[in-house]
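Per the UniProt record's numbering, the sequence shown starts with residue 1, numbered consecutively. What follows is a single structure, written as structure tokens, with notes after it.
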Amino acid sequence: MTLSRSTKLASTELVNPDLLRRKCESVPILRALKVAVVCVVLAIINHSHAQCPDNPCGIEASCRLNSAGVPVCSCPFGYLGDPFKECIRPECVSDGDCTEFQGCRKGKCVDPCIFSCGTNAACSTKHHVPVCYCPEGSTGSPFERCDPL
């Protein structure tokens with residue numbers, strides 16, 4: 001009997017191609033034995049990759065049944081959100097997805113100067129990073145407060 005990995009299963013699952021629709025998993029049983037291989041005959045549906053009959057998941061989320069037949073909701077790769085409510089494709093994932101004068105914060109391209117500098121300070125953005133400075137004719141810490149000379 002030869003066991004082989006299936007690309008459709010999780011890395012912990014093994015499939016014996018010689019058996020009819022049996023799924024084998026490595027499972028720890030006793031301290032004396034490190035791992036045992038347990039095989040179960042699959043029904044018509046392979047629960048670990050089956051779609052949920054009554055999809056409890058939110059918008060754009062995917063649902064699959066785990067090995068116990070319990071629905072598991074998840075957002076697709078690159079999406080953000082609560083998979084039970086809605087998964088949203090973000091406007092950005094990193095600063096490089098935004099213009100040079102914006103930064104990526106919580107999936108949106110925003111002006112990084114907002115709320116970055118102290119009172120009366122000026123700000124410019126260089127390569128997605130806020131640069132705070134006291135305007136000409138003032139002094140102080142641009143991150144705390146700039147006061148007139």
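Glycine is no exception: its CB is placed at the ideal position from the N, C-alpha and C atoms.
Compute the Euclidean distance between the alpha carbons of residue 148 and residue 112, then round it to the nearest angstrom. 25 Å
Output yes or no for whether 8 Å exceeds the beta carbon distance between residue 128 and residue 100. yes
I'd like the span of the beta strand (DSSP E) that includes residue 139, first residue to last. 138-141
When DSSP builds the beta bridges, which residues end up paired with residue 73? 63
Coil, strand or helix - residue 54 by DSSP: coil
With a cut-off of 8 Å on the beta carbons, I'd call residue 139 and residue 146 a contact; round off their distance for me. 7 Å
Taking only three categories from DSSP, how would you classify residue 95? Helix, per DSSP.
How many angstroms separate the CA atom of residue 56 from the CA atom of residue 78? 21 Å
Closest residue to residue 115 among 137, 144 and 63 (Cα-Cα distance): 144
Hey, how far is the Cα of residue 69 from the Cα of residue 53? 11 Å
Look up residue 108 in the DSSP assignment and say whether it is helix, strand or coil. strand
From 75, 95, 142 and 97, residue whose alpha carbon lies closest to that of residue 88: Checked all of 75, 95, 142 and 97; the closest Cα to residue 88 is 75.
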